[in-house]
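Going down the list, the protein sequences come from chains L and S. In terms of the working numbering, the first sequence has 106 at position 105, counting the first letter as 1, and numbering is strictly consecutive. In terms of the working numbering, the second sequence has 487 at position 371, counting the first letter as 1, and numbering is strictly consecutive. Each residue gets a CB set at the ideal place from its N, CA and C atoms; glycine is no exception. Remember, predicted model here, so these are calculated numbers, not experimental data. To start, the structure itself, in structure tokens.
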Amino acid sequence: MISSERRDLCVGLVLLVGALFLCFLVIPFFVQQDSTSVMSPRFFPYFSAAVLGLLSALLIISTLISSRRRAAEEEHALPTEKSTATTQRPWYMWRTWLAVAALCAYFVCFDYFDFLVVTPFATAALMLIFGEKKILSYLIIAPGITIVLYLLFEVVLKVPLD
Amino acid sequence: MFHDIILGFSLILNFTNILGIIGGTFFGVILGAIPGLTGTMGMALIIPLTYTLSPITAFAILMGTFKGCLYGGSIPAILINTPGTPAACVTIFDGYPLAQKGQAGKALGMALWASVIGDGLSTLCLIFFAVSLAQVALKFGPPEYATLIVFSLTIVAGVSGESILKGLIAATLGFLFAIVGLDPITSTPRFTFGMVALFEGINLMVMLIGLFAVSEFLVQTENIHTSRKQFVPKFKGTITLRELIKCLPAILKGTAIGTVLGAIPGLGAVPSAFLSYSEAQRSSKHPEEFGKGAIEGVAAAEAGNNATCGGSMIPLLALGVPGDVTAAVLLGAFLIHGLTLGPTLFTEQTEFVYALFAALLVAIAFLPIVGRISIYFFGLMTRVPQSVLFPVTAILCVVGGYGFNSSQDDLWLMLIFGLIGYVMRKIDYPLAPFLIGFILEPIGEIAIRQSLALSNGSLFIFVTRPIAALFLGLAALATVVIYRVNFKKAKAQRASKGMVCKT
Chain L
2 MISSERRDLC VGLVLLVGAL FLCFLVIPFF VQQDSTSVMS PRFFPYFSAA VLGLLSALLI
62 ISTLISSRRR AAEEEHALPT EKSTATTQRP WYMWRTWLAV AALCAYFVCF DYFDFLVVTP
122 FATAALMLIF GEKKILSYLI IAPGITIVLY LLFEVVLKVP LD
Chain S
117 MFHDIILGFS LILNFTNILG IIGGTFFGVI LGAIPGLTGT MGMALIIPLT YTLSPITAFA
177 ILMGTFKGCL YGGSIPAILI NTPGTPAACV TIFDGYPLAQ KGQAGKALGM ALWASVIGDG
237 LSTLCLIFFA VSLAQVALKF GPPEYATLIV FSLTIVAGVS GESILKGLIA ATLGFLFAIV
297 GLDPITSTPR FTFGMVALFE GINLMVMLIG LFAVSEFLVQ TENIHTSRKQ FVPKFKGTIT
357 LRELIKCLPA ILKGTAIGTV LGAIPGLGAV PSAFLSYSEA QRSSKHPEEF GKGAIEGVAA
417 AEAGNNATCG GSMIPLLALG VPGDVTAAVL LGAFLIHGLT LGPTLFTEQT EFVYALFAAL
477 LVAIAFLPIV GRISIYFFGL MTRVPQSVLF PVTAILCVVG GYGFNSSQDD LWLMLIFGLI
537 GYVMRKIDYP LAPFLIGFIL EPIGEIAIRQ SLALSNGSLF IFVTRPIAAL FLGLAALATV
597 VIYRVNFKKA KAQRASKGMV CKT
């Protein structure tokens, strides 16, 4: 089984489990019943969860079928035509997760500190993650974009940022 | 009528009004181009500034702003994969891939001309057919909305790419997320987990910014210092007359769809843009190119989007019923200036009505100039290095996301959708169907439940009403066509593999 097929199978299984989880645990406890309307508030959640479960099952079945079909075809195929495993980038790309962490830190600090204080540091941190090398860029862009956004939203558009 | 139109132009064509239209259009384009700021917000901000102006000048500025906002949303959609307005999310599907191929100028040019043509033609429909079209819009009740949404769901197959199954799964996930919030009929909480912040559901723009912009930002972090060529949208390519003529059928169909759907209260520009895109793909000679940088896709999306401007004004002026949220804000402006909307407006305020029509046409005439200037300035963004562009875009998204409700919860939601979008892109699940499911679920659910309430639970209401039955028939036909096309494609693929094995 090639990696994309394995991936589809895993995703299908996760979604199927998720659909069952929704049907039997989440909806009964987190969607209140109401008998006053013609269609219950639980109808669409159950309908969507059921469709998700059905489609996930179809995905699992179709992946297994296509995997077996491909394996059968490769038995008769020339060596050059056999599919090679696709190389997948690892999920734990540290820069990506560092960027997520930087955004989370920005959101938390947004609550405690002023926009004008936090945003230059957040901008600089993200530029650092993206590999910006010029010091001048940090000194100009980070505070510059903060001031521009502050003027645009707070002063011109009267949209509060604090 | 022609005498009234000439009178309208004579009232509009003075220095103050023209300046107001140009200023309003510029303001609208800038607002539309900044993710997180919408046309509705722009109109709401401009209205207080027009208190002391005459009604004609006030609405000249407002119409310019309205037009500018509708077009402006396509600029960031094409350049940085971030829709400036909700309806511009469809422009992303082909606009951003075009920019990735170094054809950002071509995509922006087509977006501009499709907007001008779509908006212009729908405004002409407004001028000549407002009252008649309003009568058709009146025939739309909950069953018609419900079946229209069912028909719209067939779009999912068109934007799913190679795997319709994955597209359907993505659409279902979008459905599930759209359910979050209070039940629209009984107001009981659904999937809120006790959090008051989720009672109003998930804000569409917050979801859009997260799903497209934040996920793109996260994807781009993988491209730093790798052997893969870093993407810098090259601002090359201009639209030629030949390309514009080639896309004219898509633009005209999009205009018709946008004008009709814009006239139906409550639908808005997003379903129009989706349906227009879907129709263009269906009737294209090369439907496989859609989603990979087909210029027709940009044309259809923008025409469908912008044509709702004229369409949404039809029920507003003829019946006093706003076609969408922005038109609802305009309704407030009308009331502030002491104008009563409805059929009597055309008889008692004829001068004002035709001055308004003239303002709309003049705004469209200036849009190409304003648009070209805006494209030039926003195009300068393409010279900014990635290491600055993406971090600044991320900060802009955060500020834009926060600006809606001044709520930190929206920021976390935006990040969550960013991660969902990132994961979906990693596992090859298309984002467009997710968006379709998210947008159509609330409209469809309310319509279906209202219909069943009207019919005391009987499903026959969907087949006994002619327009509803028509949409159901179209949905069934579309499903059969899609199934046959895919069956033939799969058969042809198996046949070609079989021939390779035999040889």
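Compare the beta carbon distance of residue i and residue j with 8 Å and say whether it is the shorter of the two.
| i | j | result |
| --- | --- | --- |
| residue 140 of chain S | residue 201 of chain S | no |
| residue 285 of chain S | residue 56 of chain L | yes |
| residue 184 of chain S | residue 211 of chain S | no |
| residue 450 of chain S | residue 124 of chain S | no |
| residue 205 of chain S | residue 325 of chain S | no |
| residue 293 of chain S | residue 554 of chain S | yes |
| residue 598 of chain S | residue 173 of chain S | no |
| residue 487 of chain S | residue 261 of chain S | no |
| residue 163 of chain L | residue 116 of chain L | yes |
| residue 272 of chain S | residue 591 of chain S | no |
| residue 386 of chain S | residue 128 of chain S | no |
| residue 276 of chain S | residue 161 of chain L | no |
| residue 406 of chain S | residue 191 of chain S | no |
| residue 530 of chain S | residue 330 of chain S | yes |
| residue 234 of chain S | residue 370 of chain S | yes |
| residue 374 of chain S | residue 388 of chain S | yes |
| residue 29 of chain L | residue 304 of chain S | no |
| residue 534 of chain S | residue 526 of chain S | no |
| residue 515 of chain S | residue 150 of chain L | yes |
| residue 546 of chain S | residue 217 of chain S | no |
| residue 151 of chain S | residue 453 of chain S | no |
| residue 327 of chain S | residue 552 of chain S | no |
| residue 207 of chain S | residue 194 of chain S | yes |
For residue i, count the other beta carbons within 10 Å of its own beta carbon; 16 or more makes it buried, fewer makes it exposed. Which is it?
| i | result |
| --- | --- |
| residue 222 of chain S | buried |
| residue 306 of chain S | buried |
| residue 130 of chain S | exposed |
| residue 172 of chain L | In the structure displayed, chain L extends from 2 to 163; residue 172 of chain L sits before or after that span and is not available. |
| residue 164 of chain S | exposed |
| residue 37 of chain L | exposed |
| residue 126 of chain S | exposed |
| residue 46 of chain L | buried |
| residue 69 of chain L | exposed |
| residue 561 of chain S | buried |
| residue 34 of chain L | exposed |
| residue 602 of chain S | exposed |
| residue 95 of chain L | exposed |
| residue 11 of chain L | exposed |
| residue 167 of chain S | exposed |
| residue 120 of chain L | buried |
| residue 148 of chain L | exposed |
| residue 332 of chain S | buried |
| residue 135 of chain L | exposed |
| residue 231 of chain S | buried |
| residue 72 of chain L | exposed |
| residue 538 of chain S | buried |
| residue 98 of chain L | exposed |
| residue 565 of chain S | buried |
Helix or strand or just coil, what does DSSP make of residue i?
| i | result |
| --- | --- |
| residue 445 of chain S | helix |
| residue 155 of chain S | helix |
| residue 219 of chain S | strand |
| residue 581 of chain S | coil |
| residue 300 of chain S | coil |
| residue 39 of chain L | coil |
| residue 160 of chain L | coil |
| residue 305 of chain S | strand |
- Query: Contact between the region 414-424 of chain S and the region 378-396 of chain S: three or more CB pairs below 8 Å?
  - Reply: Verdict: yes, contact present.
- Item | Sufficient close CB pairs (3 or more, under 8 Å) joining the region 249-258 of chain S to the region 377-386 of chain S | Contact holds: three or more Cβ-Cβ distances are below 8 Å.
- Query: Hey, which unbroken runs of the alpha helix (DSSP H) at 4 residues or more fall wholly within the region 406-460 of chain S?
  - Reply: With a minimum length of 4 residues, the continuous alpha helix (DSSP H) runs that stay inside the region 406-460 of chain S are 411-435 and 441-452.
- Task: Mind listing, in chain order, the continuous alpha helix (DSSP H) runs of no fewer than 4 residues lying wholly within the region 498-522 of chain S?
- Result: Within the region 498-522 of chain S, the complete alpha helix (DSSP H) runs of at least 4 residues are 502-521.
- Message: Does the region 419-433 of chain S come into contact with the region 234-245 of chain S, if we say contact requires no fewer than three beta-carbon pairs (one atom in each stretch) closer than 8 Å?
- Response: In this structure the region 419-433 of chain S touches the region 234-245 of chain S; the number of beta carbon pairs closer than 8 Å is three or more.
- Counting pairs of beta carbons, one from the region 579-598 of chain S and one from the region 313-325 of chain S, are three or more of them closer than 8 Å? Between the region 579-598 of chain S and the region 313-325 of chain S, the count of Cβ pairs shorter than 8 Å is below three; the stretches do not touch.
- What are the start and end residues of each continuous alpha helix (DSSP H) run of 4 or more residues lying completely inside the region 536-577 of chain S, in chain order? Fully enclosed alpha helix (DSSP H) runs of 4 or longer: 547-570.
- Could I get the ranges of all uninterrupted alpha helix (DSSP H) runs contained in the region 119-173 of chain S, with 4 residues as the minimum, in chain order? Runs found: 131-149 and 155-162.
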